[in-house]
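Participant: In terms of this note's numbering, the sequence shown is residues 1 to 390. Even glycine gets a Cβ: it sits at the ideal position worked out from N, Cα and C. My questions all concern the structure below.
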Amino acid sequence: MRIIVGITGGIAAYKAPELVRLLKKAGHEVRCAATEHALEFVTRVTLETVSGAPLYSNLFASGRTEHISLKDWGEILVVAPATANIIGKVAGGIADDALSTLLLAFSQKPVIMAPAMNCEMWAHPAVQRNVALLKSWGIRMVGPEEGELACGVNGVGRMAEPEQIVDAVCQSESLKLKGERWLVTAGPTYERIDSVRFIGNYSSGKMGFALAEALAKQGADVELVTGPTYLNVSNCQHINVHRVESAREMYAAATEAFPRCQGAILSAAVADYRPAECADHKLKKQGDEGMTLQLVQNPDILATLGGMKRESQRLVGFALETDHELENAQGKLKRKNLDYIVMNSLRDKGAGFGTDTNKVTILAADGSRKESPLLSKKEVAEMIVQEVTS
Ligand code: CTP
Numbered sequence: 001m002r003i004i005v006g007i008t009g010g011i012a013a014y015k016a017p018e019l020v021r022l023l024k025k026a027g028h029e030v031r032c033a034a035t036e037h038a039l040e041f042v043t044r045v046t047l048e049t050v051s052g053a054p055l056y057s058n059l060f061a062s063g064r065t066e067h068i069s070l071k072d073w074g075e076i077l078v079v080a081p082a083t084a085n086i087i088g089k090v091a092g093g094i095a096d097d098a099l100s101t102l103l104l105a106f107s108q109k110p111v112i113m114a115p116a117m118n119c120e121m122w123a124h125p126a127v128q129r130n131v132a133l134l135k136s137w138g139i140r141m142v143g144p145e146e147g148e149l150a151c152g153v154n155g156v157g158r159m160a161e162p163e164q165i166v167d168a169v170c171q172s173e174s175l176k177l178k179g180e181r182w183l184v185t186a187g188p189t190y191e192r193i194d195s196v197r198f199i200g201n202y203s204s205g206k207m208g209f210a211l212a213e214a215l216a217k218q219g220a221d222v223e224l225v226t227g228p229t230y231l232n233v234s235n236c237q238h239i240n241v242h243r244v245e246s247a248r249e250m251y252a253a254a255t256e257a258f259p260r261c262q263g264a265i266l267s268a269a270v271a272d273y274r275p276a277e278c279a280d281h282k283l284k285k286q287g288d289e290g291m292t293l294q295l296v297q298n299p300d301i302l303a304t305l306g307g308m309k310r311e312s313q314r315l316v317g318f319a320l321e322t323d324h325e326l327e328n329a330q331g332k333l334k335r336k337n338l339d340y341i342v343m344n345s346l347r348d349k350g351a352g353f354g355t356d357t358n359k360v361t362i363l364a365a366d367g368s369r370k371e372s373p374l375l376s377k378k379e380v381a382e383m384i385v386q387e388v389t390s
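As structure tokens, this is what we get:
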């Protein structure tokens with residue numbers, strides 16, 4: 001891998017050359033980027049010698065946009081040590097020197113940080129808040145460890161050992177779905193009746209969002225096409241969210257994305273029908289007779305993708321059934337040309353719409369079958385991803 005090691009101004013910077021040496025020994029290409037304060041602890045000559053490449057430390061030295069070319073070159077950025085200052089800058093979106101500018105430009109690529117500071121600084125609510133924020137954006141933290149600190153006290157704040165940081169880099173390299181792109185559909189669709197009313201359903205989108213997070217956790221880039229829901233993703237570095245309203249909008253987004261994907265999991269509860277006409281004003285009451293709404297069929301997104309599917313692509317559908325569950329699900333698996341279908345039975349307590357739990361049976365095109373117990377939607381998502389990507 002092409003790895004950028006970012007070094008900031010803490011005493012643990014003296015371990016940075018050793019980290020660079022170990023990464024090079026493991027076969028990676030390394031370039032270093034350092035803050036001005038880091039160079040108080042470790043010299044330019046040392047970093048350039050161990051990495052075998054020029055050091056990036058001055059935004060204006062070359063007069064070019066080096067933070068962007070370095071961002072394009074690097075596959076992963078490891079900040080070791082990461083001071084409270086650099087963590088706070090990233091959390092606040094501040095880019096006022098070479099490394100902080102590079103970090104902001106690196107928002108679509110993996111970043112690992114190895115924090116190091118005094119234990120009371122580490123415990124400060126501002127630092128803890130910033131660390132939690134960075135984690136929610138998908139930045140991985142290694143350490144800090146407990147032990148003797150440079151100031152002489154014992155506590156949490158020591159930078160993780162270089163070997164531990166190298167392990168974290170190797171782990172992100174071995175993610176199963178790294179380099180793959182997956183499509184996920186989630187949530188309900190709303191089909192407009194007039195300017196203030198729609199036909200919808202009770203789907204919360206929780207299952208689809210959990211699937212997108214589980215795929216991203218394995219290294220995939222995810223195109224998440226979701227109907228109306230209040231949910232947000234935590235891994236926005238790897239999940240590209242497309243918010244749509246109707247089945248036809250979902251159809252357009254999904255069919256556009258699918259050819260670029262290695263696989264798709266369609267968990268959205270798509271309305272099968274929509275009103276034939278949508279009034280551009282609020283419909284008025286029409287007397288005591290009642291009202292007849294004429295519906296027309298929506299396109300079947302899953303069946304369309306089944307027809308488009310290339311040999312190498314995997315397609316997974318969901319089936320929400322109330323009776324003749326297995327028979328119906330198997331029928332959908334064949335009819336829509338799927339590799340897997342995930343069956344929910346509404347007869348199972350705790351499964352289906354709105355709940356935080358689910359219980360599913362995964363049926364494969366080769367006839368094999370796997371059942372889950374009642375689990376959280378997050379656990380079910382991990383099981384589904386494990387099953388359909390093995
Ligand atoms: N689906 C879809 N587009 C539609 C309807 C359904 O992509 N217009 C997908 C769902 O996301 C799900 C699967 O098809 O993955 C099965 O949905 P379901 O509503 O259970 O099945 P239908 O094919 O609509 O059949 P029926 O409602 O008759 O059971």
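Where do the ends of the beta strand (DSSP E) carrying residue 182 lie?
Facilitator: Counting from one through the sequence shown, the residue named residue 182 turns up at place 182. Where residue 182 is concerned, the enclosing beta strand (DSSP E) stretches over 181-186.
Participant: Determine, using beta-carbon pairs with one atom in the stretch 211-229 and one in the stretch 185-194, whether at least three such pairs fall under 8 angstroms.
Facilitator: With a cut-off of 8 angstroms, the stretch 185-194 and the stretch 211-229 count as touching, because enough Cβ pairs lie within range.
Participant: Which ranges would you report for the beta strand (DSSP E) in the stretch 243-285 if only whole runs of at least 3 residues count?
Facilitator: Counting only runs of 3 or more, we get 263-266 and 273-275.
Participant: Between which two residues does the beta strand (DSSP E) harbouring residue 114 extend?
Facilitator: Within the sequence shown, the letter at position 114 stands for residue 114. That run of the beta strand (DSSP E) goes 111-115.
Participant: Could you check what DSSP says for residue 398 in three-state terms: helix, strand or coil?
Facilitator: Residue 398 is absent from the structure shown; the chain starts at 1 and stops at 390.
Participant: Mark residue 267 as exposed unless 16 or more other C-beta atoms lie within 10 angstroms of its C-beta, in which case mark it buried.
Facilitator: For the purposes of this step, residue 267 is taken as residue 267 along the sequence shown, with counting starting at 1. Classification of residue 267: buried, given that the 10 Å Cβ count is 16 or more.
Participant: Can you check which of these residues, 328, 163, 347 and 261, is closest to residue 341 by C-alpha distance?
Facilitator: Your numbering for residue 341 matches position 341 in the sequence shown. Of the candidates 328, 163, 347 and 261, the one whose C-alpha sits nearest the C-alpha of residue 341 is 328.
Participant: Leaving aside the five residues before and after residue 54 along the sequence, list all residues of the same chain whose C-beta is less than 7 angstroms from its C-beta, in chain order.
Facilitator: In the sequence shown, residue 54 corresponds to position 54, counting from 1. Excluding residues within five positions, the ones whose Cβ falls inside 7 angstroms are 48.
Participant: So, under 8 angstroms CB-CB, residue 363 and residue 330 are touching, yes? Tell me the CB distance rounded to an integer number of Å.
Facilitator: Sequence index remark: in the sequence shown, residue 363 carries index 363 (1-based). Sequence index remark: in the sequence shown, residue 330 carries index 330 (1-based). 6 angstroms between Cβ atoms; contact.
Participant: Which complete alpha helix (DSSP H) runs does the stretch 47-134 hold, if anything under 4 residues is left out?
Facilitator: Entirely contained in the stretch 47-134, the alpha helix (DSSP H) runs reaching 4 residues are, in chain order, 66-73, 84-92, 98-105 and 119-123.
Participant: Under the assumption that residue 112 contacts residue 166 (Cβ atoms under 8 angstroms), give the Cβ distance between them as a whole number of angstroms.
Facilitator: Within the sequence shown, residue 112 is the residue found at index 112, counting from 1. Within the sequence shown, residue 166 is the residue found at index 166, counting from 1. Actually they are not in contact, since the Cβ atoms of residue 112 and residue 166 sit about 10 angstroms apart, beyond 8 angstroms.
Participant: For residue 60, does the count of other Cβ atoms within 10 angstroms reach 16, so buried, or fall short, so exposed?
Facilitator: In the sequence shown, the residue the question calls residue 60 occupies position 60. Exposed: under 16 other Cβ atoms inside 10 Å.
Participant: Mapping DSSP to helix, strand and coil, what is residue 196?
Facilitator: Counting from 1 along the sequence shown, the entry for residue 196 is found at position 196. Three-state result, residue 196: coil.
Participant: Quick one: give me the first and last residue of the beta strand (DSSP E) that residue 361 is part of.
Facilitator: Stepping through the sequence shown from its first residue, residue 361 is reached at position 361. From DSSP, the beta strand (DSSP E) with residue 361 extends over 360-364.
Participant: In three-state terms, what does DSSP make of residue 172?
Facilitator: Reading the sequence shown from its first residue, position 172 is the one you call residue 172. Note: residue 172 maps to helix in three-state DSSP.
Participant: Looking at C-alpha atoms only, which residue of 264, 246 and 206 is the closest neighbour of residue 272?
Facilitator: Taking the sequence shown and counting its residues from 1, one reaches residue 272 at position 272. When each option's Cα is compared against that of residue 272, the closest is 246.
Participant: Quick one: any contact between the stretch 173-185 and the stretch 129-144, if contact means 3 or more CB pairs under 8 angstroms?
Facilitator: They do not touch, by the three-pair rule.
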